[in-house]
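**Student:** If you scroll down you'll find the structure; I have some questions about it.
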Amino acid sequence: NAGVTQTPKFQVLKTGQSMTLQCAQDMNHNSMYWYRQDPGMGLRLIYYSASEGTTDKGEVPNGYNVSRLNKREFSLRLESAAPSQTSVYFCASSELRTYGYTFGSGTRLTVV
Amino acid sequence: DQQVKQNSPSLSVQEGRISILNCDYTNSMFDYFLWYKKYPAEGPTFLISISSIKDKNEDGRFTVFLNKSAKHLSLHIVPSQPGDSAVYFCAASASSSNTGKLIFGQGTTLQVKP
């Protein structure tokens, strides 16, 4: 099925470890986004890529880096994981400057 | 600073009755608003949207109302069904930002009782 694929679905990290969350979309969308969902906080934008070759910070970028590898793929990297980064991470894509996002099913990350 | 606020964390209604979910925003540059629905262990899915040039948009059982002067929008679900039980997020965007990014509220968990 066409859509947004996130890997892994679950991950447990120790404090200080690094990891990369992968996201790929097959809808030929130009824009891609990373959000985190925390109880009582809703969905908060970490980083986004409005088009291939560009990336920008969102509301909560500290502790994260991103790479827009090509039009399909947008990865999120945690260089030194902290317990505050325990969250559910969602990747989304859309056509440039439209708002009907398609979301992936999420990555549940626990940092101990 | 929360630019989009959903002040009711949860709402419980009886099947067949109306569900009303509310959302307030503070940024006057926002001109496009959306509602997303999220089931457990799934990503959010788009439900309905409205542009600031309108005050109402309807799609089947779902209607979104926008009151620009009050910076308030609401989602009405009539009649409510048990399958509507989910978390509902409102979101807003400013077309002038030219980025397509959305700012989401905290979410409201709707429970529809049979």
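From first to last, the protein sequence lines are chains A and B. Number 24 in our numbering belongs to position 24 of the first sequence; there are no gaps in the numbering. Number 1036 in our numbering belongs to position 36 of the second sequence; there are no gaps in the numbering. No residue lacks a Cβ here, since even glycine has one placed at the ideal position from N, Cα and C. All figures in this text were calculated on a predicted structure; none of them were measured in a lab.
What does the alpha-carbon distance come out to for the pair residue 1008 of chain B and residue 37 of chain A?
**Tutor:** Sequence index remark: in the second sequence, residue 1008 of chain B carries index 8 (1-based). Sequence index remark: in the first sequence, residue 37 of chain A carries index 37 (1-based). For residue 1008 of chain B and residue 37 of chain A, the distance between alpha carbons rounds to 17 Å.
**Student:** Would you please verify whether the beta carbon of residue 41 of chain A is less than 9 Å from any beta carbon of chain B?
**Tutor:** Taking the first sequence and counting its residues from 1, the one referred to as residue 41 of chain A is at position 41. Answer yes: the Cβ-Cβ gap between residue 41 of chain A and chain B drops below 9 Å somewhere.
**Student:** Can you find a CB in chain B that lies within less than 9 Å of the CB of residue 58 of chain A?
**Tutor:** As a first step, residue 58 of chain A must be located in the first sequence, where it is residue number 58. Chain B contact via Cβ: present.
**Student:** Cβ closer than 9 Å: which chain B residues qualify as neighbours of residue 45 of chain A?
**Tutor:** Position 45 of the first sequence, counting from 1, holds the residue named residue 45 of chain A. The contacting residues are 1101, 1102, 1103, 1104.
**Student:** Out of curiosity, what's the CA-to-CA distance linking residue 1019 of chain B and residue 1061 of chain B?
**Tutor:** Position 19 of the second sequence, counted from the first residue, corresponds to residue 1019 of chain B. Position 61 of the second sequence, counted from the first residue, corresponds to residue 1061 of chain B. Cα to Cα, the separation comes out at about 10 Å.
**Student:** What do you get for residue 10 of chain A, buried or exposed, if any count of 16 or more other CB atoms within 10 angstroms of its CB means buried?
**Tutor:** Translated into the one-based positions of the first sequence, residue 10 of chain A becomes position 10. Per the 10 Å Cβ criterion, exposed.
**Student:** Which residue marks the beginning of the beta strand (DSSP E) containing residue 42 of chain A, and which one marks its end?
**Tutor:** To locate residue 42 of chain A, count along the first sequence from 1; it is residue 42. Residue 42 of chain A -> beta strand (DSSP E) spans 42 to 49.
**Student:** Assuming residue 31 of chain A contacts residue 94 of chain A (C-beta within less than 8 Å), just tell me the rounded distance between them.
**Tutor:** The residue given as residue 31 of chain A occupies position 31 in the first sequence. The residue given as residue 94 of chain A occupies position 94 in the first sequence. The pair is a contact, with the Cβ atoms about 5 Å apart (cut-off 8 Å).
**Student:** Just curious, the beta strand (DSSP E) that residue 78 of chain A is in, first and last residue?
**Tutor:** On the first sequence, residue 78 of chain A is found 78 positions in, with the first residue counted as 1. Run containing residue 78 of chain A: 74 to 78, per the beta strand (DSSP E) assignment.
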